[in-house]
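Step one of this worksheet: look at the structure below.
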Amino acid sequence: MSQRTPSMMQRAIVAIVAIAAGAWVVKETGKDLEFVTYTPHTPEEVERRKREKVGFNMTVLETTTLDYKPEAKERMRKALEARALAEAEKAKAQETKLDDSK
């Protein structure tokens, strides 16, 4: 049995679908991560940079992990607090149920 290779059109369609799926995943998972971190300069540093005619400067950090955006951190903190509160209420309800059954 000889196998037939996929046509170029089939390969193109699969590639487009794969790229679209990858872009969607990056968009959805990356919206809470800070890929570029902005560090503001002090007014003194701004004046020094103007005097020395230092233009735009980007520094590549050697960190391999990404930090969450402040909005994402706040949203996660609220979710964790709500979860802890719900677990505490559930435990309290179970205690009262056990006390009532005695």
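Quick note on this note's numbering: the sequence shown kicks off at 273 and runs consecutively.
Yeah, the Cβ is synthetic: ideal placement off N, Cα and C, and Gly gets one too.
Coarse secondary structure for residue i, derived from DSSP in three states
i	result
L352	helix
L333	coil
P339	Residue 339 is actually Asp in this sequence, not Pro. Strand, per DSSP.
E319	helix
E367	helix
C-alpha gap between residue i and residue j, whole angstroms
i	j	result
A344	T277	46 Å
E334	T309	13 Å
I288	T331	34 Å
A358	S373	22 Å
T311	M281	47 Å
K369	A363	10 Å
E361	D371	15 Å
Validate contact between the region 303-311 and the region 337-346 using beta carbons, cut 8 Å, 3 pairs: Enough Cβ pairs lie closer than 8 Å, so yes.
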